[in-house]
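Student: I'd like to ask you about the structure that follows.
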Amino acid sequence: MIDADTVSPVEAPVHVLIELSASVAVDLRSMLVDFLAGAMESGLVADAVLAESVAQARAFWAIREGLVEGQARRGYHVRTDLAVRISDIPALIDQARQFVALEHPGWLPQAYGHAGDGNIHFNVLPPPGIAEGEARAQGAEITAGLYQIVGALGGSISAEHGIGRTRHRTFWAGLAPAHRRLITALKRTIDPQGSMNPGCLLPSTETFP
45 MIDADTVSPV
55 EAPVHVLIEL
65 SASVAVDLRS
75 MLVDFLAGAM
85 ESGLVADAVL
95 AESVAQARAF
105 WAIREGLVEG
115 QARRGYHVRT
125 DLAVRISDIP
135 ALIDQARQFV
145 ALEHPGWLPQ
155 AYGHAGDGNI
165 HFNVLPPPGI
175 AEGEARAQGA
185 EITAGLYQIV
195 GALGGSISAE
205 HGIGRTRHRT
215 FWAGLAPAHR
225 RLITALKRTI
235 DPQGSMNPGC
245 LLPSTETFP
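Each residue of the sequence shown is one higher than the one before, counting from 45 in this note's numbering.
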């Protein structure tokens with residue numbers, strides 16, 4: 045649940061939430077403090093706050109989890125599950141923000157995700173008051189543009205959420221013929237009756253060779 049009093053613990057253009065755990069007796073706090081101290085001395089980190097209680101830790105996580113809930117409350121919005129090399133995350137976000145600002149002014153981009161594996165959810169919220177039909181039409185254009193950006197960076201249009209039904213045609217269109225035949229052969233071998241998640245990954249209306 046989103047708390048109206050939730051505020052960011054630090055002011056910075058990018059926030060990283062770190063939670064550590066171990067199955068053996070390790071002084072994780074000292075390790076984290078040393079890491080942050082070194083990162084701050086090198087200029088990599090501007091500021092840092094450590095949770096001093098379970099309640100504070102939950103408050104930090106509420107900010108991250110509240111992003112998803114807050115976007116859902118706004119209604120329709122562009123949702124992506126992009127993935128690039130970790131070193132390309134800044135380029136992905138910068139290019140995506142520039143694209144939205146230039147081509148779709150008034151739309152609000154929000155980037156968050158899992159920096160450790162290059163998975164970024166670059167979501168974009170429509171301007172307040174726009175009709176849903178128009179929002180969805182523009183949203184399709186935004187999605188296509190974001191896919192072009194991630195493709196140019198050698199990334200993927202999907203990471204943790206899979207291809208499913210919403211991305212299968214885009215995924216399929218980007219495959220070479222040999223890759224399509226290989227996936228089709230694997231699918232037929234594992235699922236000859238086509239009963240496992242029909243319409244996912246492979247377009248159900250495609251005629252396969």
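Virtual Cβ for every residue (Gly too), placed ideally from N, Cα, C.
Fair warning: this is a prediction, and the values are worked out from it, not measured in the lab.
I'd like to confirm the pairing. Which residues does DSSP put opposite S200 in its beta bridges?
Tutor: Taking the sequence shown and counting its residues from 1, one reaches residue 200 at position 156. According to DSSP, which records beta bridges pairwise, S200 is partnered with A127.
Student: So V122 and N167 are in contact, right, with Cβ under 8 Å, and what is the actual spacing, rounded?
Tutor: Looking up residue 122 in the sequence shown gives position 78. Looking up residue 167 in the sequence shown gives position 123. Contact holds; Cβ gap of about 6 Å.
Student: Rounded to whole angstroms, how far is the Cβ of D125 from the Cβ of H205, which I believe are closer than 8 Å?
Tutor: Counting from one through the sequence shown, the residue named residue 125 turns up at place 81. Counting from one through the sequence shown, the residue named residue 205 turns up at place 161. With a Cβ gap of about 4 Å, D125 and H205 count as contacting.
Student: Taking C-alpha atoms, which residue in I234, L219 and G177 lies nearest to P247?
Tutor: Position 203 of the sequence shown, counted from the start, is the residue given in the question as residue 247. Closest option to P247, Cα to Cα, is L219.
Student: Less than 8 Å separating the beta-carbons of L190 and A135?
Tutor: Position 146 of the sequence shown, counted from the start, is the residue given in the question as residue 190. Position 91 of the sequence shown, counted from the start, is the residue given in the question as residue 135. Cβ atoms of L190 and A135: not closer than 8 Å.
Student: Spatial neighbours of G243 within its chain, please: C-beta separation below 7 Å, excluding the five flanking residues on both sides.
Tutor: Position 199 of the sequence shown, counting from 1, holds the residue named residue 243. The residues are R209.
Student: Does the stretch 50-70 come within contact of the stretch 82-95, defined as at least 3 CB pairs closer than 8 Å?
Tutor: Short answer: they touch.
Student: Mapping the DSSP letters down to three states, classify Q154 as helix, strand or coil.
Tutor: The sequence position of residue 154 within the sequence shown is 110, counting from 1. DSSP places Q154 in strand when its eight states are reduced to three.
Student: Am I right that L169 and Q154 are in contact with their C-beta atoms under 8 Å? What's the rounded C-beta distance?
Tutor: As a first step, residue 169 must be located in the sequence shown, where it is residue number 125. As a first step, residue 154 must be located in the sequence shown, where it is residue number 110. Confirmed, about 7 Å.
Student: Which stretch, first to last residue, makes up the alpha helix (DSSP H) that contains V68?
Tutor: Locating residue 68 in the sequence shown gives position 24, counting from the first residue. V68 -> no alpha helix (DSSP H), and no H or E assigned at all.
Student: When you compare each of T233, A69 and G195 to A217 by their alpha carbons, which one comes out closest?
Tutor: In the sequence shown, counting from the first residue as 1, residue 217 sits at position 173. Measuring from the Cα of A217, the nearest candidate turns out to be G195.
Student: Which stretch, first to last residue, makes up the beta strand (DSSP E) that contains H165?
Tutor: In the sequence shown, counting from the first residue as 1, residue 165 sits at position 121. Its beta strand (DSSP E) spans residues N163 to L169.
Student: Does DSSP put V58 in a helix, a strand or coil?
Tutor: To locate residue 58, count along the sequence shown from 1; it is residue 14. Looking at V58 - three-state DSSP - the assignment turns out to be coil, as it is neither helix nor strand.
Student: From L72, A69 and I174, pick the residue whose C-alpha is nearest to that of P149; which is it?
Tutor: In the sequence shown, residue 149 corresponds to position 105, counting from 1. Taking only the C-alpha atoms, the option nearest P149 is I174.
Student: Could you tell me the distance, in whole angstroms, from the CA atom of R213 to the CA atom of N241?
Tutor: Position 169 of the sequence shown, counting from 1, holds the residue named residue 213. Position 197 of the sequence shown, counting from 1, holds the residue named residue 241. Approximately 15 Å, taken between the alpha carbons.
Student: For Q192, count neighbouring C-beta atoms within 10 Å of its own C-beta (all shown protein chains included) and say buried if the count is 16 or more, exposed if not.
Tutor: Within the sequence shown, residue 192 is the residue found at index 148, counting from 1. When all chains shown are included, Q192 counts as exposed.
Student: Taking just the CA atoms, how far does P221 sit from R73?
Tutor: Stepping through the sequence shown from its first residue, residue 73 is reached at position 29. Stepping through the sequence shown from its first residue, residue 221 is reached at position 177. Roughly 52 Å between the two C-alpha positions.
Student: Is the beta carbon of A159 closer than 8 Å to that of I133?
Tutor: Here residue 133 refers to the residue found at position 89 when the sequence shown is read from its first residue. Here residue 159 refers to the residue found at position 115 when the sequence shown is read from its first residue. Against a cut-off of 8 Å, the Cβ pair of A159 and I133 comes out as a contact.
Student: Starting from V51, trace the alpha helix (DSSP H) both ways and give me its first and last residue.
Tutor: Position 7 of the sequence shown, counting from 1, holds the residue named residue 51. Looking at the DSSP string, V51 is not in any alpha helix (DSSP H), and its letter there is neither H nor E.
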